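Structure first, commentary second.
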Amino acid sequence: MAEKVLSNDEVVHDHNEAPVVESDGATGKKSIARQLAETFEGEIRNPLKGIPRQQLLDDVARFRVEKGLPEDILPYLQKGALVAQNPAGFETLDIDESDKEAIRREVTHRWQHPWPLYYTIILNSIAAAIQGWDQTGSNGANLAFPDALGIPDSSGSACGPDANAGLCARNSWIVGLVNSMPYITIFIFMLLGIGMGLKEVTVPVFSAESAPATIRGALVMSWQLWTAFGIFMGTCANLAVGKTGTIAWRLQFGSAFIPAVPLVLGTWLCPESPRWYLKKGKYVNAWNSLRRLRNTPLQAGRDLYYIHALLEQEEVLIREAGLQVRSNFFKRFLELFTIPRIRRATWASGIVMIAQQMCGINIISFYSSTIFQESGISAYTALWASFGFGLINFLFAWPAVYTIDTYGRRALLLFTFPNMFWTLLVAGMCYFVVNDTARIGSVATFIYLFAAFYSPGEGPVPFMYSAEVFPLSHREVGMSWAVATNNFWASVLSLTLPRMLAVMKPQGVFGFYAGLNVVALVLIFLFVPETKQKTLEELDYVFAVPDRVFSKYQLFTVLPWWIKKWIFGQRSAKCPELYHDDNDPRAAGAIGQGHAESFAVAGCNLYLVYNRTPPSETLEDRCRRFGAVDVTFVQCNVSELESCERLVQNVLATAGRVDILVNNAGANMLLPMYKQDPRDFLYDIAVNFNGPYCLMRLLMPKFREQRNGCVINIASRAGTVVIPWSTSYCSSKAALINLTGCIQKELDAEGFNDIHLYSLHPGGVRSAMVEKKYSDISVSALPENAPRYKGVLDFYNDSKYLSGMVSVALATGLAKDTLRGKYFDVGQDLEDVLAHSDAIKANPDLYSLHTTFVGGLSNWTMGARPNEPYIDFPGFAVEYNMLQPNQLLSALIGASLAYFGPTAADLIVPQLARLVTTWSPLHLKLSPMPPWNGEDDLYRVENKASYQCSTQQGYRTELVSLDPLLIYIHNFVNEQEAKLVIQAGKSLLQPSPVTGYNGHASSQARTSWSAPLPHADDDAAVGCVLRRAESFLGTLLRPGHDEIGTAQLVHYDHAQKYDLHHDWFRQPRLSDDDAAAGRRRLYNRAATFFVVLQANCTAGETYFPKMNPITPYPTVEPTDASGLPVWRNHENGGLAFRPIAGNALFWVNLFTNGSGDARTLHAGLPVGKGNKTAMNIWPRVYFGPDA
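Quick note: the sequence shown, position 729, residue 831 per this note's numbering, numbers continuous.
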């Protein structure tokens, strides 16, 4: 029977190892505003997400009262807010079925909206038609008004054969000035909102603010559609009056008055923009307007409260940027170029607006009759050719009604500009055709093709795009500037084209504008982001991504993907998304996906849990293809007990049992504790800890009934170390690790041996949330010691399947006798770890959280302390004879004094003993304890002045293993060097740390003493040995990049040891020096020199369990001068090397690709009698941008 796997893959606003299926946080307004100001990961957030249900309902109730809204609409506002908070989960809400159906129909019948909405769009369309009609009137009039006004400008008229000479050359500028006057006037007076510019500014914005997001693109692009219709109607009017004689050009200019009449009359009947009402604080009017524009009161309430919430965030953004929310028009105009988010919108809208004029369309719209006449046809025939251009321009604008909200604005632009380039270029070349009929037909054909490509792309996008990209606070001024930019270049085109035609001829003019299409294509590709199906307020997050990040993504991610897919035919190539939408149903988490597909391979029946929107159908298909018996998506918010109860009830009712539970939810914020909203902290705890607890608690009775079950809690290394600025994450993950152990202990006590729990560190998987956490903007908000995070993303390269496959192995029960209830890092080799099963069982501290005190003090939880053994400090031995409350305090006082050194201790011990005897019933036996076990002669202070470094030490090498490389070095240091090196570090010895993810921590696995040795330039003997080691390495280190690094002194007394370990780091590290300097490079230990300085001991071998000597080896277990073996084949396999003073071991830690070689696993076996001292040298290789 297939096992039932319940995988909770709800991952919330940040999880530093796990990916996101849903980004689900209750981030405070200020933290969201900071993301708006600059966000590198492009996350689009819902400001209502994560707010507890009751709090949200209370917030809405206060909102209604504060804004003076009618009391009877409160239910609509509250239910609407719940829908806005969880758009994809509305089916689970307690709302009327009719409202649910209305929300469903927003997708299934997206064009079904109230009549007032369409009336508004129709009225706006009439305004657009006036725009196109205006342009075309001058087009037809250009054929007659120059001669009628006495300013002929073309050859064949009063100018004679040479159009470049004299008066007619000047007349061409005058004709251009006449055609450009409307646009020059608009540009000059645009910022005052006068004239035709007011219509161009307000109509697209009005449409954008009234339309719902799902069809906003199609409705707003009606501006261009009906502008094209106006162009077409203008060409019809030109034809209608073309033969009326000398007044024809006057009628052509004036015919645009016709559509202006219904526009004036109809304006009084359409609803006002609800967003404009909200901006003015008129919430009752906004509600009334939305009621006319939306199908149901609930939809109106949803949009009202959601727009209000987003506008509040926008205001916080403006305030935190040090700007005024309510500023005058001209100040807001300056802010178009000073606020980063708004500046990016200004730049993007400016590109598409300029591109519309300079792509070449308006050389045809304004002068098509003139251009067609240049091809050799009569004036009236040219009007008919222009009619064809207007008709095609109108007809081909219709596809954009569908494509603009499906393929998107950016996609249409990137498709149309290359095609506009070649069609315009070929149209110009057709003027070289000698045959009149062929020339006229070919010119018309390619001009019509050019119009057909322009109309569904660059035609509708600019005005629609500019109307939506600016925040409400700057929408009017931003649109004003965009329209002013458009009309300025329209005036430039109108002014210059007659003269360009005269000088460059149509061939040159068409070629010039074809080249500008290529320039526009490049700018759009690099700087114009997609805006489709985002609310106007959500676009704040799109334009918060810096231009350099967006263009880098396009150049180095999108372009290579496009080449792979469309040039090399790799149809399966996937393009990573830059933006991550809270409400995007296609989002899928990397670690969650890795677990789902891993358990699918194992043939399980999967229940995949999500919070807001289900994972993609692709994930379901993959799981089924990989072998899953069945795949079911189940909605649950794990931060809420009621939601967890519904989940467990529904799954058990359907499946009957659950065999494996995977808790993969995670929430995290990289923020100093004092800046974190307490609600965010509590929410993180609820997701990371409460959710897994609730699901385990609810399923545990079933597991006990079944007498079997497995729980995989995805924890984190962050739960085992202290990471600043991740307080909620570290705390909750530590709690989850301990919770796992506690529950396992309870089960074991009752004999439930087949119910086994584990907590895992899933490895460093690079996901969108990881990129967000360690983005430059996130790190820059941290205190000055944050540079250690720079470059860390380069080392998040673990596979998402690593933790999934380990979880499958654990779920089989493979490790339940050894690791049940334990914390495990999936980066470790599970087989190797299980080989040490006896050691793990014997030491409860292994693979668990524990506290270590100085001197080995125990950590009791209850009861009396038994007599303890000696607590060794450097310089003292302390013996407990009795238990008193101040015992620990006294012991710590003694320890702190000991660190001053033996001389100070000799003076202080008598006084300390008298103080304890006088004031404390605690009896302490204090006695001096030389750290070197009486070997004072060996460690006498050496005369440094007599030392001279010998570059020719005369050492001898012995190749022990070739793969991995291990070399035994005889006589690597001499006796004087050994004494001087010990002297350099002796006074600094402390209990040896074990290097962890975030620093150093003591461990019972390593009980020796160690100290950092001086830098090579600060001590002659240390420097000499380091240079000798560097010379030994040859070309292993890159000159100018890598370095020999600093050395470490290590001392082992009786029974001290260092258990099996690697010297290399699983994740490369950032050194303190590089962190202070802000260098973006990390290092790993390329190799190891273990140099024995003194060895007055028995045992204490260095043991390599995975090393084997070269076969056949020239000699059998080589001996030293005493006749004893230098190394031996260990009885448990591998090699063991005896400590011999002056000799050294050298081995290579890393493969050529930079990953660690697991075969270099080694241990310092316990010392018998006596002690040994050695020197560790770890050459460093660097990675990263500054390496």
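Idealized CB from N, CA, C, for every residue including glycine. Owing to the predicted nature of the structure, the values given are computational and were not obtained by experimental measurement.
Q: May I ask you to report which of helix, strand or coil DSSP gives Phe523?
A: helix
Q: Pick helix, strand or coil for Ala767, following the three-state DSSP scheme.
A: coil
Q.
Could you compute how far the alpha carbon of Met771 sits from the alpha carbon of Gly1235?
A. 47 Å
Q: Return the first residue and the last residue of the alpha helix (DSSP H) that Glu699 is part of.
A: 692-703
Q. Beta-carbon separation of Ala457 and Phe523 under 9 Å?
A. no
**Q.** Coil, strand or helix - Cys812 by DSSP
**A.** strand
Q: Determine the DSSP secondary structure at Cys706, reduced to helix, strand or coil.
A: coil
Q. Do the region 1198-1205 and the region 1268-1283 make contact, defined as three or more Cβ pairs closer than 8 Å?
A. yes
Q | DSSP-derived helix/strand/coil call for Gly1147 | A | coil
Q | Trp1124, DSSP secondary structure in three states | A | Here residue 1124 is Val; the residue named in the question, Trp, does not match the sequence. Three-state DSSP puts Val1124 in a helix.
(Q) Excluding the 5 residues flanking Asp405 on each side, which residues of the same chain have their C-beta closer than 6 Å to its C-beta? (A) Leu392
Q) What residues match up with Gly1266 in a beta bridge as DSSP calls it? A) Tyr1160, Thr1204
Q: Output the distance between the C-alpha atoms of Ala214 and Asp507, rounded to the nearest integer angstrom.
A: Sequence inspection shows Gln at residue 214; the Ala mentioned does not correspond to that position. Looking at the two C-alpha atoms, the distance is approximately 16 Å.
Q | Outcome for Gln751 when other beta-carbon atoms lying within 10 angstroms are tallied against a minimum of 16 | A | exposed
Q | Sequence-distant residues of the same chain with beta carbon closer than 7 Å to Pro1211, five excluded per side | A | Val1062, Ser1063, Leu1237
Q) Leaving out the 5 sequence neighbours to the left and right, which residues in its chain are closer than 7 Å to Met907 when beta-carbon positions are compared? A) Ser700
Q | Reference Ile175, options Tyr221, Glu203, Thr194, Asn390, closest by Cα | A | Asn390
Q: Could you check what DSSP says for Phe1167 in three-state terms: helix, strand or coil?
A: coil
Q) Taking the alpha carbon of Gly758 as the point to measure from, which residue in Glu807, Pro648, Asp723 has its own alpha carbon closest? A) Glu807
Q | Leu219 versus Pro376 - alpha carbon distance | A | 12 Å
Q) Do we get a CB-CB distance below 9 Å when we pair Ser818 with the residues of chain B? A) Absent here is chain B; the protein component of the structure consists of one chain.
Q: Measure the Cβ-Cβ separation of Ile223 and Leu365 and say whether it is below 9 Å.
A: no
Q: Report yes if the C-beta distance between Leu353 and Ala339 is below 9 Å; otherwise report no.
A: yes
Q.
Runs of 4 residues minimum, wholly inside the region 157-196: which ones carry the alpha helix (DSSP H) assignment?
A. 176-187
(Q) Using 8 Å for Cβ pairs, my map puts Gly1087 next to Leu1151. What's the rounded Cβ distance? (A) 3 Å
Q: Output the distance between the C-alpha atoms of Asp856 and Gln846, rounded to the nearest integer angstrom.
A: 11 Å
Q. Could you check where the beta strand (DSSP E) with Ala1246 kicks off and where it finishes?
A. 1246-1250
(Q) Please report the distance separating the alpha-carbon of Leu625 from that of Ser653. (A) 10 Å
Q) Does DSSP put Val731 in a helix, a strand or coil? A) coil
Q: Taking Val908 as part of the alpha helix (DSSP H), name the residues at either end of that continuous run.
A: 902-913
**Q.** Validate contact between the region 1152-1159 and the region 1175-1186 using beta carbons, cut 8 Å, 3 pairs
**A.** no
Q: Can you grab the Cα-Cα spacing for the pair Gly510 / Gly492, in whole Å?
A: 25 Å
Q.
Between which residues of its own chain and Arg1108 is the CB-CB distance below 6 Å, once the five residues before and five after are set aside?
A. Ser1094, Val1096, Tyr1160
Q. Around the C-beta of Ser818, are 16 or more other C-beta atoms found within 10 angstroms, so that it is buried, or is it exposed?
A. buried
Q) Of all the options Asp786, Val630, Gln737, which has the alpha carbon lying nearest to the alpha carbon of Ser833? A) Asp786
Q) For Glu119, is the classification buried or exposed, using 16 other Cβ atoms within 10 angstroms of its Cβ as the cut-off for buried? A) Caution applies to Glu119, whose pLDDT of 31 falls short of 50 and renders its modelled position unreliable; the value that the coordinates give is listed next. Glu119 is buried by the Cβ-count criterion.
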